[in-house]
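Residue numbers (the numbering used here), protein chains in the order written: chain L, 1 to 357; chain X, 1001 to 1379.
Backbone N, C-alpha and C fix where the C-beta goes; we use that ideal spot for every residue, glycine too.
Have a look at this one:
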């Protein structure tokens, strides 16, 4: 995709989010953002994951109450697995299919069990998830209104649907070999959350700066006080780190898909994205609320639309502790003679060793 | 709102070749790893060996003894040296700041005379910026150079001058005109031979027991006219142009890497979920800082001056470093002892004792955050 195309797409998304029409999700779908990751030949925009990072950041920055991230991943997943009926309008995905049983019946497959806290479970038309390890992994796609599916509504702190789906002898729409295993899908989900968080943190920063310049106490804007300035500066550094972490994570997906670099489940950048943005989110929420004082603690004020999402997203698809443990164990399980540094900064595969310049 | 864009770092193919070469060189080097020196040991023999390989002054043009490399290649070499805890302290100031300063602002005699010796690993520099009454507020320096017949006469005092007692030259910031309305005007920088008469150096021992920094007195020190660097009165611009280099490099988040390495080694003997989680978190921070720092190197290589990004990364990087001992000490039960035979205990002691300086040297975190706040439109 050309830089011009990328900028146009970004501008167009920004306009839609800023307008915030009452039928926001329909407008986004109409503009094709839910299928942005699909190739143009498949009705998509052919954006890379690195580009998608920017689009998701905008959704986070505007606290958009839409299943954009879910649908982007869902359509991409179905398309990669070659699920034919790509008219599936909104596909949510579940990263927690641990309590699902898939069994063969005489006339096909049956799915039983519980899918906990499916993002936007009640509004989606289909749900996709991956079962089984490694090369035997299977992608399962269910229609949400299929017989045997019942929905128990739930919410995250921001009021976004996180619904539990009870499945009782459900006939799936598709069961196909998965393009990768559930671990990789969890990593994708975590990186997608990181991109949303980076945007929401930037918004918290923007709001804090704006308010600090307006709110007058002791005869001057509170932004004139060094104590307040220093806190907001910390918020800005966390915002920058979160953005870089999300970009590194999405680029790791692109590299993995292109066959460059490591599998996503081995990538340091992929695991680091959620660790770093999750940590930044906690600090961003604390500092922005401190800047706003009592007014930011009211339901009436906008700030909580961003901070509640941050407090929710950081615990979805694995929190900092989950990914830190996974990354640390992976490193410790590696070559015991290798230094930490050389694990972190591997010699480029193409580089000749010992060749003098 | 997105004030700070960090472009994707560019990977240099030549740099990756160099990485392999540097690793091979380091694997064959069996000197002291200086686990006990957070900022790297001072070892002229090592510096000369590096110089012989062409890994000092890498960015200098070839006619000055450099390799004509770009910043991205230099970055790779530097991070490998830091990660290996190689003793680079003798030449590192000259390599990072003073050499590039002379290259950019110095006169032809200064460049011809000095740059090849820096590149050979034989010529070491100290930075004469801070004074007893001028730390963070650098523009208030009072050391004064007065024009006299054939040159300048300098009087004043510098403090916290790292390696002044074993450097060949100092880059001296001083006042050459009275304080005007613009406080940053009237400052100039000079190239000072440390053997010049009138310079006395008094050691200051830090809390880790190291003699690193010094108090330097300059009494009626005569400097020849051509000791002036660049244009009289433009010292402040020179200083700020050094800052992006000084603040954004890997030395701002890797100086405690030795302790993290020892921690990882110790963890392999003493596995725990808490240990793995701690290690994973540190690696995540390190990998993101590295990406930000390499992004800045890419910007500088492309001709930008990302002073603001550099301030931000130094704040993040040094807070990360400072936090390392606080994080590690709670995982493995170890009493820190400087110089202990147990490597992890010694490394932990070392970083505990050096940690306070991380967020002070090269610009306090308060000053850096002030710069970031100003850029956001606060103040």
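query: Local conformation of residue 330/L per DSSP, three classes; result: helix
query: Rounded C-alpha distance that separates residue 291/L from residue 1362/X; result: 29 Å
query: Interface positions of the stretch 215–232 of chain L facing chain X (Cβ-Cβ less than 8 Å), listed along the chain; result: 223, 224, 226, 228, 229, 230 and 232
query: 6 Å Cβ shell around residue 115/L - same chain, five flanking residues per side excluded; result: 94 and 165
query: Segment limits, beta strand (DSSP E) that includes residue 1157/X; result: 1151–1159
query: Chain-ordered neighbours of residue 323/L on chain X, where CB pairs are closer than 8 Å; result: 1280 and 1284
query: Beta-bridge pairing of residue 101/L - partner residues as DSSP gives them; result: 112/L
query: Alpha-carbon to alpha-carbon, residue 1243/X and residue 1072/X; result: 17 Å
query: Extent of the continuous beta strand (DSSP E) run through residue 150/L; result: 149–152
query: Beta-carbon proximity check, residue 1/L vs residue 47/L, cutoff 9 Å; result: yes
query: is_contact[residue 1120/X, chain L] using C-beta, thresh 9 Å; result: no
query: Backbone secondary structure at residue 35/L - three-state DSSP; result: helix
query: Collapsed DSSP secondary structure at residue 320/L in the structure displayed; result: helix
query: CA nearest to the CA of residue 139/L, picked from 125/L, 113/L and 83/L; result: 83/L
query: Cα-Cα separation, residue 1174/X to residue 1301/X; result: 30 Å
query: Close-in-space but distant-in-sequence residues of the same chain around residue 1245/X (CB under 7 Å, 5 per side omitted); result: 1096, 1097 and 1100
query: Member of 1331/X, 1210/X, 1341/X and 1007/X whose CA lies at the smallest distance from the CA of residue 1273/X; result: 1331/X
query: Under 8 Å from the C-beta of residue 1268/X: neighbouring residues of chain L; result: 332 and 336
query: Closer than 9 Å to chain X by CB, residue 6/L; result: no
query: Own chain partners of residue 122/L with C-beta closer than 7 Å, once the 5 adjacent residues on each side are dropped; result: 151, 153, 161 and 163
query: With 16 other Cβ atoms within 10 Å as the buried cut-off, status of residue 1258/X; result: buried
query: Supposed close pair residue 1218/X, residue 1154/X - CB separation, criterion 8 Å; result: 5 Å
query: Residue 1320/X vs residue 236/L beta-carbon contact at 9 Å; result: no
query: Cβ-based neighbour list, residue 1001/X, same chain, cut-off 7 Å, excluding 5 preceding and 5 following; result: Note on residue 1001/X: pLDDT 45, under 50, position unreliable in the model; the coordinate value appears next. If we look at residue 1001/X and ignore the five residues flanking it on each side, it has no Cβ neighbours.
query: Proximal residues, the stretch 258–291 of chain L versus chain X, C-beta separation under 7 Å; result: 268, 269, 271, 272, 275 and 276
query: Proximal residues of chain L, C-beta to C-beta of residue 1257/X below 9 Å; result: 340 and 341
query: CA nearest to the CA of residue 1325/X, picked from 1366/X, 1308/X and 1352/X; result: 1352/X
query: Reduced DSSP category for residue 1271/X - H, G, I as helix; E, B as strand; rest coil; result: coil
query: Within-9 Å CB hit, residue 1315/X to chain L; result: yes
query: Option nearest residue 308/L by Cα separation, candidates 321/L, 284/L and 318/L; result: 284/L
query: Sub-9 Å separation of residue 1106/X and residue 1191/X beta-carbons; result: yes
query: Residue 155/L, buried or exposed, once every other Cβ within 10 Å from all chains shown has been counted against 16; result: exposed
query: Coil, strand or helix - residue 1035/X by DSSP; result: For residue 1035/X, the pLDDT reaches just 48, beneath the cut-off of 50, and the residue's location in the model is therefore unreliable, although a value from the coordinates is still provided. In this structure, residue 1035/X counts as coil in the three-state DSSP scheme.
query: Top-ranked residue by Cα proximity to residue 1178/X, from 1146/X, 1160/X and 1207/X; result: 1146/X
query: Rounded Cβ spacing between residue 1318/X and residue 1282/X (contact assumed at less than 8 Å); result: That belief does not hold up - the Cβ atoms of residue 1318/X and residue 1282/X are roughly 15 Å apart, past 8 Å.
query: As assigned by DSSP and simplified to three states, the class of residue 1018/X; result: helix
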